[in-house]
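For reference, the structure is listed below as structure tokens.
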Amino acid sequence: MRKPETIERLYLDFDGFFASVEQQAHPHLRGRPVGVVPFDSTLHTCVIACSKEAKAAGVRNVMNVTAAQKICPDIILTPQSPDLYRRAHNALLCEISAVIPVRAVKSIDELCCDLEPRDIAAPQALAQAIKTRIKTHIGAYITCSIGFAANRQLAKIAGKQDKPDGVTIWHPGDMPGPLLKLPFADIPGIGRAMEKRLYRAGIFDMKALLDTAPKQMRKLWRNVTGERLWYALHGFAVEAGRSERGMYGHGRVLPPSHRKAEHAIAFSRLLVVKAARRMRRGGFYAGRLWLGLSLREGRWFGQLPLPFVQDDAAILEALMQLWGKACDEIPLSARIIRLHVTLLELVPAQMRQLDLLLDDDPLRRRWEAVTCAIDRLNRKYGRTAVSLGPWVPPPGGNAGGKISYTRIPGAEDFW
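Numbering (the numbering used here), first residue to last: 591 to 1005.
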């Protein structure tokens, strides 16, 4: 495997992206501690993103609202605006691409780029050009931290060392020095469970981890990810493995006023249809539907096999069968805090096989034609103009277009 002798990758990470976009869009929030919440009018939720001012006061992401207000009494809570974040993301990509080609968008607030010889010679100038472009064409309140290193993994770690609005350059000749002082929590791929596993193996710091053999890392991780991480941390040109789509799903925390089964059923219909729309755009059929409910008294989940379908009628019918089972098994008084629907066991459209025993292909083809017509009409009007059954968006809106770091919603996700 090749080991670069100079920096080859840039990794850019926006600082407190959701909160900073809110500050840029709303002048009254600028310079103030801001916490983004799923919906307003309740304290029974958590801060899902916070500004650098809130972080400086001790507020952290996924902190209970009551705890956040206790730590930072001046915090301003604002409900999420996913479509605003999507539009900001697209605008920022355009501005960055005017300075350097974007190799890969890793999440809504992170991206990486390959470095040309002129960039390698002057990384500070490149970073400043990107920051200036964003400030001039988007605004001064959306800042980013940038890391440079031999590979993407090291550049990502480097970029987090001088937040916010920083630039960190790790030349191969300086490595592994900068890594030795870092806690395991700063290394992507080492979560709490993995950290405990490392401790049990007698690995207590980064030096011990770097001294580990690559095959031992593979054994510790119980898959090739550990070995790939070893090579990345040692500065080799490791490329990210190609991932394959395994599911389409959506989840929703229900507002306190809408936690009865009747409301949850209505919400789940919207979510499963939106997941099905995404699945159709991806060119897949589903072989299984999963429904999960988080209750005050515990959890319930159920799943149902599907004859590899993608039309709304078949998926909604399966959903209602699962709800029939759920309502038989959970108390009538149950309060449903959160629900999640997932379409699993995906197969590409060209690989779909018919169920010879079910023999429903003529019916499926008719419903697929109906669903295709509905999709065309909705695209034409830019909203959900036609649906199978009632379509009543929940309080707070954004069903299926929720705030997300790992998935960038498209415009269709907000219909």
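Don't be surprised by glycine CBs; every beta carbon is placed ideally from N, CA and C.
Proximity of residue i and residue j at Cβ, strictly below 9 angstroms
| i | j | result |
| --- | --- | --- |
| A748 | C702 | no |
| I690 | L600 | yes |
| L788 | P766 | no |
| G648 | A639 | no |
| I736 | K721 | yes |
| R886 | I927 | yes |
| A829 | R742 | With the sequence shown as reference, residue 829 is identified as Glu, and Ala is not the correct amino acid for it. Taking 9 angstroms as the Cβ cut-off, E829 and R742 qualify as a contacting pair. |
| D673 | F891 | no |
| G836 | H930 | no |
| G619 | E612 | In the sequence under discussion, the amino acid at residue 619 is Leu, which differs from the Gly named in the question. Yes, the pair counts as a contact, with Cβ atoms nearer than the cut-off. |
| C734 | F604 | yes |
| L682 | I732 | yes |
| V976 | Y875 | no |
| G1000 | R676 | yes |
| A822 | E598 | no |
| R954 | D901 | yes |
| E700 | I728 | no |
| L909 | R878 | no |
| K660 | A609 | no |
| Q718 | V692 | no |
| A851 | V982 | no |
| Q614 | A730 | yes |
| E1002 | R871 | yes |
| T974 | V843 | no |
| Q751 | D776 | yes |
| I998 | H679 | yes |
| A569 | A646 | Here the chain has residues from 591 to 1005 only, and residue 569 is not among them. |
| A854 | L883 | yes |
Where the alpha helix (DSSP H) containing residue i begins and where it ends
| i | result |
| --- | --- |
| A798 | 796-800 |
| V931 | Unbroken run through V931 is the beta strand (DSSP E), 926-934; no alpha helix (DSSP H). |
| V960 | 951-971 |
| E834 | Counting along the chain, E834 falls outside any alpha helix (DSSP H), and DSSP gives it neither H nor E. |
| I724 | 713-727 |
| E643 | 642-646 |
| M765 | First-last for M765: undefined, no H or E at that position. |
| W811 | 804-811 |
| E785 | 782-790 |
Span of the beta strand (DSSP E) around residue i
| i | result |
| --- | --- |
| W880 | 874-885 |
| A694 | 694-697 |
| I759 | 757-759 |
Counterpart residues of residue i in DSSP-defined beta bridges
| i | result |
| --- | --- |
| F604 | C734 |
| W890 | L883 |
| C703 | L600 |
| A739 | R599 |
| M653 | V637 |
| G841 | H930 |
| P938 | F874 |
| L823 | The partner list for L823 (beta bridge, DSSP) is empty, contrary to what the question assumes. |
| T668 | V626 |
| V899 | A876 |
Near the ligand GDP: residue i beta-carbon under 8 angstroms from a heavy atom
| i | result |
| --- | --- |
| V649 | Ligands displayed in this structure: none; no statement on the ligand GDP is therefore possible. |
Cβ separation of residue i and residue j, assumed to be a contact under 8 angstroms, to the nearest whole Å
| i | j | result |
| --- | --- | --- |
| L906 | V862 | 7 angstroms |
| Q670 | V627 | 7 angstroms |
| H848 | P984 | 6 angstroms |
| P762 | E595 | 6 angstroms |
| A904 | L912 | Between L912 and A904 the Cβ distance is about 13 angstroms, and since that is not below 8 angstroms, they are no contact. |
| T668 | L633 | So it is not a contact: roughly 14 angstroms between Cβ atoms. |
| T802 | W880 | Rounded, the Cβ-Cβ distance is 37 angstroms, inconsistent with contact. |
| Y838 | M796 | About 38 angstroms; that fails the 8 angstroms criterion. |
| R650 | F826 | Not really, about 34 angstroms apart at Cβ, beyond 8 angstroms. |
| A959 | G873 | About 17 angstroms separates the two Cβ atoms, so there is no contact after all. |
| P707 | I666 | In fact, because the Cβ distance is near 46 angstroms, the residues do not count as touching under 8 angstroms. |
| A791 | L810 | 6 angstroms |
| F738 | P713 | 5 angstroms |
| P804 | E817 | 5 angstroms |
| R723 | A694 | That pair is no contact at about 19 angstroms. |
Interface flag, residue i vs chain B, CB-CB below 9 angstroms
| i | result |
| --- | --- |
| L861 | Of the protein chains in this structure there is only one, and it is not chain B. |
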